[in-house]
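Since the structure comes first, as structure tokens, the remarks are kept for the end.
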Amino acid sequence: MIVEILSSLIAAAALLFTFLAWKSKETRQDEILAWGCESIDIMQRTYLLIEFCSQNGINVEQKHIFSELRTRSSVQVERGRIFFKNTESDFGSDKPPAYRGLRPRILDSLVANCQMCQLAAAADTDLKKLSWISCDHTRMFVSFVQEEVGRNKISKSGAASAGTGIDVEEDLMFDGASPPLNY
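Quick note: the sequence shown uses this note's numbering, first residue 268, plus one each step.
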């Protein structure tokens, strides 16, 4: 009788431990997703502003926005250090533990975003090239976040099916009774 009770208690404890470990992993993924989404917002705003300024020039207000985006990017890098530890290396061995070694690749695009915001406000920067670089870093970051949180497999078949492509300009030129829906 005592053996059966102990077995039941051990099984219940193992089940509880498994549940708590799973819940902790889910919480971490949710926190990374929230951090990633905020970072994507900052990076996409940076890209769109650089793209706009490459076509229209840059004014004092936009320089101020770049400064704010740079600050927010820097904060996201530091927040990201909570989730992603530097790789072991002798690099920076004199620094505090969170800064020793090589920075994880997922943070590199945010660091690049800080640099792009600073460069965009400079008078002699090729903003068209910078917009391409910004777009690439944003896409790379989105891919890293998607991989990290495990959301690369979408559960809804309609959402996961291959897209047909969207061309709004083509839709605007359609002269039929109702515009075609490519989505």
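We put the CB at the ideal spot given by N, CA and C, even for glycine.
- Distance from the CA of ILE400 to the CA of ILE277, rounded to the nearest whole angstrom, comes to 55 Å.
- The Cβ atoms of PHE408 and ILE332 do not sit closer than 8 Å to each other.
- Ranked by how close their Cα comes to the Cα of ALA390, the residues VAL327, TYR314 and ALA301 have VAL327 in first place.
- Setting aside the 5 residues that flank it on each side, ARG312 is surrounded in the same chain by LEU336, each with a C-beta closer than 7 Å to its C-beta; the list follows chain order.
- Assigned with DSSP and collapsed to three states, THR405 falls in helix.
- Excluding five sequence positions before and after PHE411, the CB atoms of its chain that fall closer than 6 Å to its own CB belong to ILE373, given in chain order.
- MET440 sits exposed, since fewer than 16 C-beta atoms from the chains shown fall within 10 Å of its C-beta.
- Under the three-state reduction of DSSP output, THR392 falls in the coil class, being neither helix nor strand.
- By the CB criterion at 8 Å, ILE317 and SER340 fall outside the cutoff.
- Taking the Cα positions, LEU315 is about 32 Å away from ALA365.
- As a beta-bridge residue in DSSP terms, THR354 pairs with LEU369.
- Distance check between ASN323 and each of ILE272, LEU394 and CYS402 places LEU394 closest, using alpha-carbon atoms only.
- Counting every other CB atom within 10 Å of its CB across the protein chains shown gives GLU355 a total below 16, marking it as exposed.
- Apart from sequence neighbours up to five positions away, the residues of its chain that approach ARG348 with a beta-carbon distance below 6 Å are ALA365, ordered along the chain.
- Of the residues assessed, CYS304 falls on the exposed side of the cut-off, its CB having fewer than 16 other CB atoms within 10 angstroms.
- Residue environment analysis places LEU377 among the buried positions, since at least 16 neighbouring C-beta atoms fall within 10 angstroms of its C-beta.
- Rounded to the nearest angstrom, the Cβ distance from ALA379 to HIS404 is 5 Å, consistent with a contact under 8 Å.
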